[in-house]
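Engineer: Converting from the sequence shown to the working numbering requires adding 173 to each position, the first position being numbered 1.
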Amino acid sequence: MEDKPDYNDSFYRILDAVPISIYWKDVSGKYLGCNKYMSEVAGLSRKDIIDKTDYDLVWKDAAADIQQIEQIVIKNKAKYEAEELSVLGTNKQHTFLSTKTPLYNSYGDVVGVIGVSIDITDRKRAEQLHKEKEVVEKISKALEMLSGCIAHETRTPLAGININVDNLRLELDKLPIDSSNTEQINKIKNFATNIKLIIKSGKNIIDMVLVKLRCVLNKQIDNQKLTSHSIKSCINDAINEYPFDENENNIVVWENQSYKDFTYIGDNLLTKHILFNLIKNALRAIKETDRGNIYIILKQDKNFNYLIFRDTASGIPAKVFNTLFHQFSSGSRDGAGLGLAFCKMAMQSYNGDIICDTREGEYTEFILNFPTIQ
């Protein structure tokens with residue numbers, strides 16, 4: 174080797190044209206030379222790298238493993254190929270595919286090691302992402318199959334209850350009615366009507382959970398299924414079908430006749446599910462604070478129609494507010510963190526949005542923006 178290598182020499186110009194690290198060392202592990210790419214990775218000039226060991230360079234934490242491998246190459250006079258992990262100047266871990274072979278002198282004696290290292294960090298990351306994607310897809314398919322089975326098995330007993338309620342009504346109609354049993358028969362009929370409503374609500378909830386799960390797993394909503402709907406009809410349906418506890422619906426202030434109706438392009442089931450989520454969250458806050466009401470208001474301007482959903486309970490803490498619409502981020506102990514994330518996804522599929530305004534200790538207000546239909 175020359176004491177002062179000429180880096181303009183054709184040998185070095187060829188090495189410098191290759192976008193991989195090429196280097197050679199003596200038997201003690203000291204660098205004898207390298208190409209330009211290697212010096213850039215090390216963050217030193219080629220002159221400064223000479224006579225240094227791996228313990229002196231940015232990947233010094235991996236130096237012991239590197240030198241152990243190279244001693245095996247020298248001792249066995251055999252090629253070695255393996256992946257090496259090194260932390261470079263960026264403080265990021267890189268993966269190199271390194272090939273090391275013995276370096277011989279003109280007499281055939283091993284005088285060191287010559288190595289070639291290719292940075293395969295991006296390739297390894299892509300492989301890992303591909304594997305993770307395959308795992309997520311398998312889990313998604315399994316969850317969708319499982320949810321479908323659960324929904325089917327849940328609908329079956331509901332259908333049975335529904336049939337029996339209908340039969341109960343028929344039998345009641347056959348009973349002779351007189352002053353002594355009229356009140357009792359009417360009570361039983363009211364109970365039957367309530368059971369029918371609860372069954373209907375249960376079926377709606379099953380459908381909504383399936384829709385939400387599929388949308389979350391697929392990270393999208395099928396825009397081809399969006400059609401025009403009356404917002405007032407959707408609000409009325411949601412309030413009528415929500416499974417309120419006794420007298421809970423009295424805290425919902427919805428002055429149907431006071432607001433102008435508007436038509437939106439969307440999915441009625443999804444919109445009802447958005448309202449179900451907002452009602453559920455508001456009722457939980459009202460129960461926890463033992464105060465408050467729910468107000469539903471409609472407004473319009475030139476570009477958007479607005480559904481404003483406000484509760485006057487506890488408001489939302491600042492530490493929760495910034496992640497309010499993130500998946501799997503929940504401010505409640507029994508929440509999965511899917512509800513509001515799903516609401517956001519659904520509204521954005523309508524080319525609208527849902528935003529939140531809150532004042533802790535006073536109110537929480539969700540504003541649903543629906544584009545006006547030209």
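C-beta: ideal position from N, C-alpha, C; glycine also.
(1) Secondary structure at E533, three-state DSSP: helix, strand or coil?
(2) If you measure between the beta carbons of M518 and L541, is that distance less than 8 Å?
(3) Please name the residue, chosen from C207, I378, I404, D440, that lies closest to E414 on a Cα-to-Cα basis.
(4) On the DSSP letters alone, give me the boundaries of the beta strand (DSSP E) that Y185 sits inside.
(5) Which first and last residues belong to the alpha helix (DSSP H) in which L513 is found?
(6) What is the rounded straight-line gap between the Cα of E300 and the Cα of P490?
(7) Pull up the DSSP beta-bridge partners for W197, would you.
(8) Would you call the segment 253 to 260 and the segment 235 to 242 in contact, with 3 or more CB pairs under 8 Å?
(9) Per DSSP, what kind of secondary structure is V231 in: helix, strand or coil?
(10) Pick out whichever of I528, V231, I195 has its Cα sitting closest to the Cα of V289.
(11) Using 8 Å as the threshold, is the C-beta distance between N454 and G512 below it?
(12) Please classify P275 as buried or exposed, where buried requires at least 16 other C-beta atoms within 10 Å of its C-beta.
(13) Helix, strand or coil for G488 per DSSP?
(14) Which whole-angstrom value is the C-beta distance of F494 and T531, which I expect to be below 8 Å?
(15) Is R158 helix, strand or coil by DSSP?
(16) Among I291, F539, Y228, whose alpha-carbon lies nearest the alpha-carbon of M211?
(17) Going by C-alpha to C-alpha distance, which of S401, I371, L205 sits closest to Y523?
(18) From I287 to Q266, what distance separates their C-alpha atoms?
(19) Do you know offhand how far L399's Cα is from I438's?
(20) Comparing C-alpha positions only, which one of C207, T436, N450 sits nearest to L471?
(21) Give the list of continuous beta strand (DSSP E) stretches no shorter than 3 residues that lie fully inside the segment 447 to 476.
(22) Rounded to the nearest angstrom, what separates W197 and R298 at their Cα positions?
(23) If distances are taken between C-alpha atoms only, which option among Y432, K460, I467 comes closest to I412?
(24) Straight-line CA distance for E310 to N420?
(25) Just to confirm, is the Cβ distance from N429 to K405 under 8 Å?
(26) Could you tell me whether the Cβ atoms of Y253 and K225 are closer together than 8 Å?
(27) Let's see if you can read the secondary structure: which residues bound the alpha helix (DSSP H) around A411?
(28) Might you give, ordered along the chain, the residues of its own chain that have their beta carbon closer than 7 Å to the beta carbon of Y536, omitting 5 neighbours on each side?
(29) If you count every other CB in all the chains shown that lies within 10 Å of the CB of R506, and 16 or more means buried, which is it?
(30) Can you tell me which of L270, I223, D229, V283 puts its alpha carbon nearest to the alpha carbon of V200?
(31) What does the alpha-carbon distance come out to for the pair T553 and Y228?
(32) Report the residue from Y277, D234, K233 whose alpha carbon sits nearest the alpha carbon of K248.
(33) In angstroms with no decimal places, state the Cα-to-Cα distance between E344 and F364.
(34) Can you list, in chain order, the residues of its chain with a C-beta nearer than 8 Å to that of K369? Leave out the 5 residues immediately preceding and following it.
(35) CA-CA distance, N450 and P330?
(36) Under three-state DSSP, which class holds I540?
Structural biologist: This is what the structure holds:
(1) coil
(2) no
(3) I378
(4) Unbroken run through Y185 is the alpha helix (DSSP H), 183 to 189; no beta strand (DSSP E).
(5) 512 to 522
(6) Answer to the nearest angstrom: the Cα atoms are 40 Å apart.
(7) G206, I287
(8) yes
(9) coil
(10) I195
(11) Yes, the pair counts as a contact, with Cβ atoms nearer than the cut-off.
(12) buried
(13) coil
(14) 7 Å
(15) Residue 158 is absent from the model: the chain starts at 174 and stops at 547.
(16) I291
(17) S401
(18) A straight line joining the alpha-carbon of I287 with that of Q266 spans about 23 Å.
(19) 6 Å
(20) T436
(21) 467 to 473
(22) 29 Å
(23) I467
(24) 44 Å
(25) yes
(26) no
(27) 404 to 414
(28) R483, D484, T485, G488
(29) Its pLDDT being 42, under 50, R506 is placed unreliably in this model, and the value from its coordinates should be taken loosely. By the neighbour-count rule (16 or more Cβ atoms within 10 Å), R506 is not buried but exposed.
(30) The candidate whose alpha carbon is nearest that of V200 is V283.
(31) No information on residue 553 is available, as it lies outside the stretch 174 to 547 that the chain covers here.
(32) Looking at the Cα atoms, Y277 is the closest of the given residues.
(33) 14 Å
(34) N335, V338
(35) 25 Å
(36) Under the three-state reduction of DSSP output, I540 falls in the strand class.
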